[in-house]
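If you're matching positions, the sequence shown starts at 3 in the numbering used here and goes up one per residue. Every residue gets a Cβ at the ideal spot worked out from N, C-alpha and C, and that includes glycine. I have placed the structure first, in the form of structure tokens, so that the comments after it can refer back to it.
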Amino acid sequence: MHRTKVRVVEDALDANNTIARANRDDFDRESVAVVNLMSAPGAGKTTLLERALGELDGVRAGVLEGDVQGSLDADRLAHLHVPVVQL
């Protein structure tokens, strides 16, 4: 088997890190607390959001839903009356 070594000389996530840093700066400037939930499909992220958002009486909250499979999770959160944006 032939093997080739490739030397990576720059961060493959450099552009992503730049955008993430700008987002963090914007959130900090506006005093917005942000939680990023990521895990495998079926792990319980939407259930956790449903329960947590249901307990946040009087706290302004919103959800940015990044489900590439569709809007099922975003639709599931609609009854909580918080803004949900499907990305």
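The alpha helix (DSSP H) enclosing L50, as first and last residue numbers: Indexing the sequence shown from 1 puts residue 50 at position 48. L50 -> alpha helix (DSSP H) spans K47 to E57.
Sub-8 Å separation of E67 and D75 beta-carbons: On the sequence shown, position 65 is the one that residue 67 refers to. On the sequence shown, position 73 is the one that residue 75 refers to. Yes, the Cβ-Cβ distance between E67 and D75 is below 8 Å.
Assigned exposure category for V86 - 16 Cβ within 10 Å defines buried: On the sequence shown, residue 86 is found 84 positions in, with the first residue counted as 1. Per the 10 Å Cβ criterion, buried.
Close beta carbons around V84, own chain, < 8 Å, minus the five adjacent residues each side: On the sequence shown, position 82 is the one that residue 84 refers to. Closer than 8 Å at the Cβ level, and outside the excluded window around V84, lie L55, A63, G64 and V65.
Length of the line joining the Cα atoms of T49 and S73: Against the sequence shown, residue 49 aligns to sequence position 47. Against the sequence shown, residue 73 aligns to sequence position 71. Computed Cα separation, rounded: 15 Å.
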